[in-house]
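Undergrad:
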Amino acid sequence: MAIVFVTGSGGLIGSSAARRFLELGCEVVGIDNDSRSYFFGPSASTRWMVDELSESRGYTHYSVDIRDMDSLERIFTKYSSALDCIIHCAAQPSHDWAAKEPHTDFGINAVGTLNLLELTRKYRPNAPFVFTSTNKVYGDAPNRLPLEETPTRFEISRGHEFFGRGIPESFSIDQSLHSIFGASKVAADVMVQEYGRYFGMNTVCFRGGCLTGPAHSAAPLHGFLGYLAKCAITNTPYTIIGHGGKQVRDNIHSDDVVSAFLEYIRAPRPGATYNLGGGIENNCSILEAIEMIEKITSRKISISHDPKSRIGDHIWYVSDLSKLKSDYPNWQITKSLEVTIKEICAAYQDRFGAGKSSG
Ligand SMILES: NC(=O)c1ccc[n+]([C@@H]2O[C@H](COP(=O)([O-])OP(=O)(O)OC[C@H]3O[C@@H](n4cnc5c(N)ncnc54)[C@H](O)[C@@H]3O)[C@@H](O)[C@H]2O)c1
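All residue numbers for the sequence shown refer to our numbering, where the first residue is 352 and numbers rise by one.
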C-alpha cells in the first residue's frame, strides 16, 4: 500500500491532507509533536486532532520534532521502501510569534525543512515533496502597491496590472521586510526549490495566502477566521490590530489546498512554486469578515482597535492563481468564502458552543 508522510498532521492543512489520503486508501504516517500548544498555549493544542486521526485505520502517529534528524531518519528507514510522497506542513506558523524566539522559528521552519528534504533525497529521491510556503516570502513589498481605501477595505488601484488578478509568483521576494517568520520561510522556500533545480527532485512550494477551514485550532496570533468565529461563539472580545481592520486577505478552504497538492503529485514539476489562496473571488477585509461571521452566527462580536499595526503586515494581499490553474487545469476552488465561513462557524459551534469547553 502507498505510504504518505504528513508532517504537522495535527494542524489545519496536515490533518486535511491526512484525511484525504486515508480516504484514498493510503497509509498515512503523521509527524507532529504538538508544538502549536507551545507557541500559542493549551487552547491551540492540536492533540485533539491527532487523537481523532489515530482512531482511523491506516494512520500511524509519531510525536517527533522535525528538528530531530535522528528520530526522523528512523521513520524514513522504517517506511521509505513504500513511501509515495511527503506533505510537509509542520511549522512555526506565526509572523508575530517568530520574533520571540528566532532560533526556534528558524530551527523548525528552515532547518526542519532541510532535514526532511535531505532524508527524502537519501531514501526516496523520486517522491514528490510538497512544502507549504507562505505569501510572507514576498515580505511587505505588496504594501508598496498603489492602494485605495474604501469604507470597509483597501483595494488595489483599478489601473494596476494586478487589479482583478492578484499577486503572481514573479513578484520579488527580495529587498523587503519579511518578519523573522517570513525570513525563515524564504530560506525553506528557496531550499525546496533548490532540491528541485539542483538535484532534480519533485519539490514544490505552495505559497499560501490565508489557509483556513473548520479543522484549525485557531489562536489570536494564527487562524483569524477561525478565531473570529470562536470569539463570536464564546463571547470573547476581539482586537483588530492596525489598518482599521481594512487589510485584505484571500482565503482558501483546506480541502481545496489539499486538492492542489494532489494535482501536483499526479504530475510533478521539479522546483515549482505556486501562489495558493482564495484568489480574487474569495478575499475579504477583517471588517468584512467580522460582518459575515456576525451574520452567520447571529451574534455580535465585541471589537476594539489597536491602532499600531503589526510589523510588515500585508495591507492587501490576493493570490494570482493563474499559474496554478494553467499548469493544473483540473484544479479549481470548490468552496467559496461564504461556504468556508459557514463550515467554520458550524464546526466551532460544535466544539465551543454553550456547554462545550474543549477543542
Ligand atoms: N494557515 C495559514 O493561514 C497559512 C498561510 C500560509 C502558509 N501556511 C503554512 O502552511 C503550513 C500549515 O499551516 P497550518 O495552518 O496547518 O498550521 P498549524 O499550526 O495548524 O499546523 C502545524 C502543525 O505542525 C506542528 N509542528 C510545529 N512545529 C513542529 C515541529 N518542530 N515538529 C513537529 N511538528 C511540529 C504543530 O503542532 C501543528 O500541529 C505551515 O507551514 C504554515 O506556515 C499557513
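The C-beta atom is built at its ideal place from N, Cα and C for all residues, glycine as well.
#1: Kindly indicate the opening and closing residues of the beta strand (DSSP E) around Phe-356.
#2: Tell me, please, whether the stretch 605-613 touches the stretch 639-652 by the rule of three or more beta-carbon pairs shorter than 8 Å.
#3: Kindly indicate which three-state DSSP category Gly-381 falls into: helix, strand or coil?
#4: Below 8 Å, how does it come out for the stretch 542-549 and the stretch 685-695: are there three or more Cβ pairs, yes or no?
#5: Going by C-alpha distance, which of Asp-664, Cys-556 and Leu-613 is nearest Leu-468?
#6: In or out: Arg-548 buried (at least 16 other Cβ within 10 Å) or exposed?
#7: With distance defined between alpha-carbon atoms, name the residue in Gly-706, Gly-704 and Asn-553 nearest to Ile-438.
#8: Sorted by chain position, which residues of the same chain lie with C-beta nearer than 6 Å to Ser-407's C-beta, five sequence neighbours on each side aside?
#9: Return the chain-ordered list of same chain residues with a C-beta closer than 6 Å to the C-beta of Ala-461, the five sequence neighbours on each side being excluded.
#10: May I ask which residues mark the beginning and end of the beta strand (DSSP E) holding Glu-506?
#11: Taking DSSP as the reference, what is the three-state secondary structure of Gly-574?
#12: Which residue wins for smallest C-alpha separation from Tyr-413, given the options Glu-403, Phe-480 and Ile-426?
#13: What does DSSP give as the partner residue(s) for Ala-623 in the beta ladder?
#14: In the DSSP assignment, find the unbroken beta strand (DSSP E) run with His-594 in it and report its ends.
#15: Just to confirm, are Pro-571 and Phe-703 a CB contact at a threshold of 9 Å?
#16: Count the C-beta pairs between the stretch 493-511 and the stretch 561-575 that are closer than 8 Å, then say yes if the count reaches three, no if not.
#17: How many angstroms separate the CA atom of Gly-365 from the CA atom of Thr-483?
#18: Taking 8 Å as the cut-off, is the C-beta of Arg-418 nearer than that to any heavy atom in ligand 1?
#19: Which runs of the beta strand (DSSP E), 3 residues or longer, sit entirely within the stretch 481-537?
#20: Could you tell me whether the Cβ atoms of Cys-635 and Arg-661 are closer together than 9 Å?
#21: Hey, would you say the C-beta of Thr-411 is under 8 Å away from at least one heavy atom of ligand 1?
#22: Would you check if the stretch 624-641 and the stretch 447-467 touch, i.e. whether three or more CB-CB distances between them fall below 8 Å?
#23: Answer yes if the stretch 428-437 comes into contact with the stretch 510-530, meaning at least three C-beta pairs across the two stretches below 8 Å, and no otherwise.
#24: Would you mind reading off the limits of the beta strand (DSSP E) that contains Thr-411?
#25: Would you check if the distance between the CB atom of Met-420 and the CB atom of Ser-360 is smaller than 9 Å?
#26: With DSSP run on the structure shown, which of helix, strand or coil describes Ile-426?
#27: Please list, in chain order, all residues of the same chain as Ala-569 whose beta carbon is under 7 Å from its beta carbon, the five residues on each side excluded.
#28: Taking contact to mean at least 3 C-beta pairs separated by less than 8 Å, is the stretch 368-388 in contact with the stretch 440-452?
#29: Rounding to the nearest angstrom, what Cα-Cα distance links Thr-501 and Tyr-489 in this structure?
#30: Taking 9 Å as the threshold (C-beta atoms), are His-656 and Thr-587 in contact?
#31: What does Thr-563 pair with, by DSSP beta-bridge criteria?
#32: Cβ of Glu-520 within 9 Å of Cβ of Trp-667?
TA: Once the coordinates are examined:
#1: 354-358
#2: As far as the Cβ criterion goes, the stretch 605-613 does not touch the stretch 639-652, which means the pair count is below three.
#3: strand
#4: no
#5: Cys-556
#6: Residue environment: Arg-548 is assigned as exposed (fewer than 16 neighbouring CB atoms within 10 Å of its CB, all protein chains considered).
#7: Asn-553
#8: Setting aside the 5 residues that flank it on each side, Ser-407 is surrounded in the same chain by Leu-373, each with a C-beta closer than 6 Å to its C-beta; the list follows chain order.
#9: Ser-535, Ala-538 and Ala-539
#10: It spans 505-507 - the beta strand (DSSP E) in which Glu-506 sits, taken as one unbroken run.
#11: coil
#12: Ile-426
#13: Val-555
#14: Counting along the chain, His-594 falls outside any beta strand (DSSP E), and DSSP gives it neither H nor E.
#15: No. Outside cutoff.
#16: Between the stretch 493-511 and the stretch 561-575 there are fewer than three C-beta pairs closer than 8 Å, too few to call the two in contact.
#17: Computed Cα separation, rounded: 10 Å.
#18: yes
#19: 498-500 and 505-507
#20: no
#21: In this structure, Thr-411 has its beta carbon at no less than 8 Å from each heavy atom of ligand 1.
#22: Output reads no: the stretch 624-641 does not touch the stretch 447-467.
#23: no
#24: 410-413
#25: No Cβ-Cβ contact shorter than 9 Å links Met-420 with Ser-360.
#26: helix
#27: The residues are Gly-577, Tyr-578 and Lys-581.
#28: yes
#29: 24 Å
#30: In terms of Cβ geometry, Thr-587 and His-656 do not form a close pair [threshold 9 Å].
#31: His-604
#32: Cβ distance not < 9 Å, so Glu-520 and Trp-667 don't count as in contact.
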